[in-house]
Each structure stands twice: as C-alpha cells, then as structure tokens.
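Before any comments, here is the structure.
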Amino acid sequence: MHQNTGVTVRESLLNIPARFPFADTLARGLLEETGSDPMQLAAYTLLLPTRRAVRTLREAFLRQSNGKALLLPRLLPVADPDEITLLPLLSDTSATDDSTMDIRPPISPLHRQLLLTRLILAAPATGQACTPDRAALLASELAQLLDQVQTEGLGFDALEKLVPEDYARHWQITLDFLSILTRHWPVILESMGCLDPAEHRNRLLLARARAWQTTPPSGPILAAGITGSIPAVASLLATITTLPQGRVVLPGLDRNLDADSWEAIDESHPQHALKRLLDRLGKTRDAVHDWPCVESIRTAHPDRERLCSEVMRPASTTHTWRHIKPLAEETVQGITRLDCPSPREEAFAIALLMRHTLSIPERTCALVTPDRDLARRVAADLTRWGITVDDSAGRPLAVTPPGAFLRLGADMVAQRFAPVPLLALLKHPLCSAGLDAAVFRDSVRRLELGVLRGVRPAPGIAGLRAAALASGAMDESLSALLDALERCCADFIALMAEQDVPLHILLESHMRMAEALATTPDRPGPLWLWDADAGMAAASFAADLAEHAAVLGQIRPQAYPGLLDALMRGRTVRTRFGSHPRLDILGPMEARLHQADIMIVGSLNEEVWPPRPGADPWMSRPMRTAFGLPLPEQKVGHTAHDLVTVLGSPHVVLTRSLKVEGTPTVPSRWLLRLETVLSAIGLALPEPEHPWLKWAELFDRPEQMIPVRRPAPRPPVESRPRALSATRIETWMRDPYAIYASHILGLRPLDPLDAQPGPADYGTLVHRALEDFIRRFPHMLPADPEAELLASGQKVFADTIARPSVQAFWWPRFERLARWFAIQEQGRRNMIRETFVEISGSLDLGDFVLTAKADRIDLLEDGSLVIVDYKTGAPPSAREVAAGFSPQLPLEALIAHHGGFPGIPAGRTITSLLYWHLKGSANGGEERNACGHGLSPDTLAKQALEGLRGLIDAFSQPDTPYEARPHPGKAPAWSDWLHLARVREWAAAGDADGDGA
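Residues 30 to 1026 in the working numbering are what the sequence shown lists, from first letter to last.
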C-alpha cells in the first residue's frame, strides 16, 4: 500500500463523509493510491451495493482520470440476489476453498412464482375460490416473504408457535396457509436441486467469506458504500476487515451525533444500519478513519454534516435543539426549496431547472424521487426541448408497447371481440394483421363507425360480420380486415373456447397470434414485436414463461389474460441507450453513491419521503418482531440515509406539491425537522437562483386571454333548413345552435362504444311494444289485454332482455305500465272508431315544410280527434306548452287540422291533446292534459302556427344568429352539442350576450 495516502494496513475501516461525492472521492483516492501503474489498479476488487453503483463508479473513474484510458478494478454488486452479478465471486482463483462450487443454483423468479401458484391453487380453500391470477399475485407475496426471511438468515421453524391464543383467529388461518412454505416448498426445492435467490446469495457470500479467511485474495479488496443491512453481506464485510489487504469504506458515517443520541438510534434513523454494522464488527465510531479526501473536490460547507445530523437526531433527544450550537451561514448556501401548487407545476419547474443546467457546459443534474409519477411527468416535460431522460427505475413491461400489445390481444379474444378490447388492440401501433398500415387503419375506422358504435354486436368475428351486413357497413375493405383478423386469431380463438388447456400451449398460440397481428407486408411480425429494449424484455419474459409454463399444467382459458397480467407484474424495462449523458432521474436507492452538480429532491411530502410502510399480509408487527423480521420502519431509515446523502451535495433543490389531486399534502417529516432546526439556529434557506415557479406558470400562458363568447353563427340564408319536424321546432326555439350543428353542418353524434341501453332506448322499446299491440288489436280488445301487451313487450324486448340492467329495472317497469295501459284501453276503446299509431304527416307552409310523427291519434265515434304523446320521461307542463316552448302536440294538432296525416281528413275537430306519462312506477302511468286552463287545442294550434311563422321569418334574415342556448332557463336539460358550443367556458365567464363566433 502506498504511503502517500496516509492509510496503513491496520486502518481497514474507513468512511467518506456525506458532504463528499462518494464515487468521485473513492475513485480519486484509488487513482492516487495506485499512482501511474495501470496494472495495479486492475488488481483491485471493489464490492459495491448495486449494479447502478457499479455504473456510477465507472463514470467517476472516467471523470477523475480526465478521460484517460484505464484498466478498471473488478466492480461487483453484492446486494442483488442474481446469479449473473455474483458469478465473478465464484471465479476468484486466489481461494482454494471449493465450498462455493457446491452451492446449488438459484431458481428463477418466474419459475418460483409458478410453482408457488400451483401450491396455492392446490391448497384447501378457506373462502372464495382462488383463480390462477389471484394465486399468482399471492405467490409473488409469498416469494417476497421467502426473500425477507432468508435475507435475515431466519428459518420457518418458529412459525407454528407464533400465534398465541390472544391473537385474532384470522392470523392462525394465515399461518396455516403459510404451511406451503414450511412443509411443501423445501421439498420442491430439494427435488429440483435449487435454492431461493436470497438463500443462494447468502450461501455464496458466506462461502466466499470462509474461503477468504482460509486463503486471503492476492489483490486488494474494498467493500465501498455498503451499509451491511443484509446479515450475509455484513458477515462478508467483517471478513474483509480482517484481510491483510481488505478495507471497508462506509458511506456517510455520522461523527457529529453525541453518544447518548447514538445509543438512542432506532430503525427509522439513517445511521441505524451503520450502527448495527459497527456493533457486529465490535467497533466504535472512533475506530473508523476517514478516507483520504481530496480537498480539490467541490463539496458543501463542513457544517452541512452537522446540519444533517441535527435534522435526523433521534426523537428522544430533540430537546437538545434548544441549546444547539450555531452554524455558519454558508451551511445552507446551495440549498433551495420550491413549494409548488400541484404535481404538474412541480414537474415542469424541475424540468425547467434541468433544462437550464444544460445551458452551462459540463454541468450535471439529477432528480431523486420515489414518486414514479413525478419522474414520468418530468421526463415527458423534458421532451418539449427534445431531451430524452430515462427513469432509472425503468418502465413496467405491462405498459410498454409490446407488453400492452400482448395483454390486449389475450383480453380481446377472452372477451370474444367485444368493441372496447377489440378497438384497443386494433388501434395499437403494432397491429396491422398483415395488411398495409394505411389500409388497415382506414378499415378499422370503418369498423368502428359502422359496427362497434352503439349496442354491442353478437360475440366473435361472426357477430362482427353479421352486424356489418345488417348495418350496411360491409364492403371489400371491411371484409378484408375481418378475414385478416380471423386468419391471425383462429387457432387462439379455438383454444380459448376449450374447457381446460395446458398453459404452455395457450402461451405458444398467443405468441403466434401476436406475431401474426404485428406483421406488415414488408416486415415479419417478430421483427416488429420483439424490437428495441421493450421488445427484447417482452421476448425474454415470453421465453422464460414458455420454459416453465408446464409447471402450472392446465388452466381455464378465461383465466389466461389475468394470469398473464399477474406474471408480468414486476418486470421492468430499462433503456440502455439514448438517455441524456448529463441528466438523470433516479430512485433513492439508485442515487446512493451518485452526486451531480445539482441534486433535486422531488415530492418531499409525507408518504413519499418516506414512503408509507406497506401492510404485511402475513404477520402483524408483534408477530414480525417475535419472528425476527425487521419492522417496516427499517425502510424509513434507509430512505432517510438516502436523503442525507443527497443533502450533503453542494447544490440541492427541495421540491414538494402543496396539493395532490386537490387534496392538501403534509410536508415530509424531514422537511419539517429542517425548518425547526434552521429556526433554532436562526438561519433560513436562500431564495432560488431563478423564479422557477413563475417561469413554469408563464411558459404556457398566452400573451393575451381572449374570453370565449357564446357562439352565434350566421350561416347564409340558402344554407338554412327549410323543413323541420315538430320535435326539432322545440329544439329550434330552445337551442338554435343545435339546429345549426345538426342540419347545417350535418354533424351527427357518435354512439358510445359498447353502449348499454339508455332511457332513450327504453322509450323506443315501449313505443314499439305499444305500436305492436294496437296493430294486432286495432278494434276489439283481446280477452286479456294486459297479457297480450306483455307478449308484445317480450317480442320487442327480446334482444335486450338478457342484459342485467334491462332484466332488473326496465322489464318490471314495463310490466307495471302494461297493467295501467290495459286499463286505459278498456275504458276508451268503445269510444274510438280508429286508432292511428306512429303515423307520419307534414304541412307545407309555402316557404317551409313542417313534419311530425305522432305516437297516437284516436279518431272518436263522434268524428273528433284525440292526439296522444307517449312519454317515458317527464312530460312538459301545461304552462310550457302554453308559452310555446313545448309545441310538439300543438303542431301535430295543426297538421291534423289541415289533413296532413294520411287517412285523417282535414277539418276534424281536435278535442284533446294528451300526454301519457308511462313512468312504470307503482301506479304504472298517468294521463295529463296539455291544454292549460281556458285553452283549447285549436287555440294552442293557432298560437303554435304564429310562433312557427315568427321563427321562420326571423331565421330567414341573414343577421339572425343560431345562438347557443339563448334562454338558459328554457334550454334543453341535455344536448349533444354542449362541448361543441363550449358552453361551460362562456357560461362560467357569465356571458349572457355573445356577438357571434
């Protein structure tokens, strides 16, 4: 060892203070230690906590050597339970102990999950039957419990004695269920010759520790940045401290905390893991020496460490804040805070700050946050400037294009090509089904408009064909689309229709279908589907599942989509290339050894920093303690250590949102502690260098806010309608803009996808049923009119009666109104000569044609007419009819008086205008007279004609606008054009006039 470092062999336990960038300080020290001999540095072996730490240290060596070519040390992550990352420990030729070669290989995580899923499905049911997807999710939880227990070096022997009689009964049921792990799982692992990943890591590390004790390695060994929270890793660190060339470099040991506070540290303290490691090593803080820190490395003020120590002081000794020693004003230089209105403003302010960083040559910036939503928002905002920054936590495979494509395909077939899952797949960018992309997209749009909008068609591709033929939408392109879809999916459709199918056969057929659906005329499907990082991750998942799918045997095909989702959970995709070299978005663990020029700590709210401890589905807190597992607060301590590491950086920006989804948030406990300590010292955080929040607010704000006014278009007179129905006349009066949209622009509202029958559909069915009954019995009533009317209803409702909502709500209402209608008919039929139902008529007014379709017109024996309008909804009041806002019945009376209805001669007297309110309540219905007090049908008809003439004359003038809802109090309760008229915008602004748009 070189003497210029001042470190001797006996100083095997070292520390890099939190205010020093760990990776750069370590790299600089090693470069100075090895001098100019590149071979000496290559002889070193460095053990690091994670693969991210390995990457960070590589970059640090590059920076500290000024880009000079180096032979780097062996850099090995030890905390990952991964055979590939730990494999180099097996190949250490300096050891002669062969014990490591006898360690059984680890079982793959997916293989383990499938085996545990099989055990869960075979376990005795204690309640609701367990489906494969639920069993797979439970298996994932069981695997986590296995890893926790084995990480702590525990066994399941004490599990049976864990639940005393005073605990709730369900805990005993839970532990009975855990017999899967105590009785069956060890037998399965033994038969397979495998180990759980955590147990494999533990045995490998412990075996390596024993080998090094027997035969120390020939080169220097450094364990750096490891807190030793894993017992097997702590044992290896203990061995390294005894090696002649072994050293352990701790990350940010707190030397400022007084002895009483040090002893009071609990699991939630950032120093808890380091304290427990020192206790295991039998060392005190005084035995730890400082790494030879290089003063040329830019750091925060030395008092920053004291500030962090005080902020994280154990709760039992916070009374000492009253006598806290003053800190230099420079302590808080470089720390700023942004309290943002919402996550949107927080994300964009962070993106602006990161973008500004790039304007300064060679400056770097990193966002550190456990909030993946914030991370995604920031990454999306940075794309405004063409900047790509990858979230180090990766993206869930399930939401990447290939992962979503696989899930959507399985769901589409399982739901038998229902409109929503079908369109979700067909509109996926990867889907072409072997057709030209442009032709395919056009055909999909035709299928959507002609077949999928409205009530769901019959199941399967055959149902789509039938619906297309019935609607007249079938053409050559649509037929080609359905043929291609059937060709790609035929085998998988057949399998999904079976009772039970082996999982590996379902998977193979599913993958073939996905590849066929992704095929284009110029490129095979596999080249599209398995391309890039996400595609390779999806291919790896599919291959892994195919290798082990036989474990689960046969499953019901309907459970396959849910099982696929459950097994895909936890799979992440990390981008290997293309991310910006000077910007990073990191999770707290990934940022442990990373330090950029500007460190941003995002989402500093409670339940994010620290995250809310998740509920343990297997054990209560006392049970975990009795069993020997750490409490959830240990994760709080780890997060606190990550925060302290970031706070030691020279430039730190702390951000939080005041509200999330409209709910006020609570600042992180550590942010509140920082405020308290600074107040006690008499210091305050400096203002941000730039007004980031103001800039974020102004960035998307237009230079001028032009208020939206009520639309009042004035189309040319020749474009205005010259014929309208009686029902549309009412719309013309109440909301002229609706007439403009539908009759002048020619717009039609789209039906919703997979529409459930609504009130309008119910009204149509009732009208059809009543029409069928009257046409069947136009003169003499049957012996049982109620039964015959119900028979007509059953015929009309046949296509929808199977729907639960219709069966539960609509049909009982129809039964009640049928009883009322039958009684009405029995009392009226002897006065009626003839009944006209659903009869269409018109009246030519010279420059305008009025049309109408009357629900019912009764020609009485005395030659007079009664016009009836069926209403399943609330009928208008007599006052509205008299005021002219509900002119339908008076206008129908006007047409009838002039002989506009076929079969009804002109000049007939109209004695009544009636609304039959067919509400289907307890009394079935009621009859209401549309004529108010002192008004006759003839009077209402004449008033309606005058009102109609006034409308025709007014809208024949070019300056008369088709204004949106000119009388809000009389406007329709619902309109298809509210969004087009932007009603909420101008109505909220109080616009009551509007001069057109």
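We put the CB at the ideal spot given by N, CA and C, even for glycine.
Check: Start and end residues, beta strand (DSSP E) containing residue 29; Outcome: Outside the shown range of the chain, which is 30 to 1026, sits residue 29, and nothing can be said about it.
Check: Burial state of residue 95 (16 or more Cβ within 10 Å); Outcome: exposed
Check: Through-space distance from residue 931 to residue 861, alpha-carbon basis; Outcome: 18 Å
Check: Contact the region 708-715 vs the region 651-666: 3+ CB pairs below 8 Å; Outcome: no
Check: Three-way DSSP call (helix, strand, coil) for residue 991 in this model; Outcome: coil
Check: Cβ neighbours of residue 231 in the same chain (closer than 7 Å, five flanking residues each side left out); Outcome: 179, 182, 261
Check: Simplified DSSP assignment, three categories, for residue 532; Outcome: helix
Check: Whole-angstrom distance between residue 249 and residue 177, CA atom to CA atom; Outcome: 32 Å
Check: Member of 279, 226, 188 whose CA lies at the smallest distance from the CA of residue 1112; Outcome: Outside the shown range of the chain, which is 30 to 1026, sits residue 1112, and nothing can be said about it.
Check: Residue burial classification, residue 388 (beta-carbon count within 10 angstroms, cutoff 16); Outcome: exposed
Check: From 841, 425, 370, residue whose alpha carbon lies closest to that of residue 601; Outcome: 425
Check: Residue 304, enclosing alpha helix (DSSP H) - first and last residue; Outcome: 301-310
Check: Residue 660 versus residue 217 - alpha carbon distance; Outcome: 30 Å
Check: C-alpha gap between residue 465 and residue 455, whole angstroms; Outcome: 13 Å
Check: For residue 1032, the first and last residue of its enclosing beta strand (DSSP E); Outcome: Residue numbering for the chain in the displayed model covers 30 to 1026; residue 1032 lies beyond these limits and cannot be assessed.
Check: Extent of the continuous alpha helix (DSSP H) run through residue 58; Outcome: 51-63
Check: Whether residue 341 touches residue 399 by CB criterion (7 Å); Outcome: no
Check: Reference residue 93; option with closest CA among 477, 58, 997, 705; Outcome: 58
Check: The ligand GTP heavy atom lying under 6 Å from the CB of residue 796; Outcome: Looking for the ligand GTP in the displayed structure turns up nothing, as the structure carries no ligands at all.
Check: For residue 915, three-class secondary structure by DSSP; Outcome: coil
Check: Beta carbon of residue 623 nearer than 7 Å to that of residue 140; Outcome: no
Check: Residue 634, buried or exposed, once every other Cβ within 10 Å from all chains shown has been counted against 16; Outcome: buried
Check: Own chain partners of residue 900 with C-beta closer than 6 Å, once the 5 adjacent residues on each side are dropped; Outcome: 944, 946
Check: Candidates 858, 954, 929: closest to residue 847 by CA position; Outcome: 954
Check: DSSP-derived helix/strand/coil call for residue 1036; Outcome: The displayed coordinates of the chain run from 30 to 1026. Any statement about residue 1036 would go beyond what the structure contains.
Check: For residue 322 and residue 54, believed in contact at Cβ under 8 Å, the rounded distance; Outcome: 6 Å
Check: Distance CB(residue 291)-CB(residue 268) smaller than 7 Å; Outcome: no
Check: CB-CB length for residue 396 against residue 379, believed under 8 Å; Outcome: 6 Å
Check: Neighbourhood of residue 825 by C-beta distance below 6 Å, restricted to the same chain and skipping five residues each side; Outcome: 794, 797, 798
Check: Beta-carbon proximity of residue 614 to residue 404, cut-off 7 Å; Outcome: yes
Check: Per-residue burial, residue 171 [other beta carbons within 10 Å of its own, 16 or more giving buried]; Outcome: buried
Check: Residue 706 versus residue 355: straight-line alpha-carbon distance, rounded; Outcome: 10 Å
Check: Cβ-Cβ distance between residue 581 and residue 546 below 7 Å; Outcome: no
Check: Burial state of residue 123 (16 or more Cβ within 10 Å); Outcome: Low confidence applies here, because residue 123 scores a pLDDT of 46, under 50, leaving its location unreliable and the question unanswered by this model.
Check: C-alpha distance - residue 519 paired with residue 838, whole-angstrom precision; Outcome: 38 Å
Check: Residue 112 versus residue 136 - alpha carbon distance; Outcome: Residue confidence is low: residue 112 scores 44 on pLDDT, short of 50, so the model does not pin down where it sits. Its coordinate-derived value is still stated next. Taking the straight line joining both Cα atoms gives about 10 Å.
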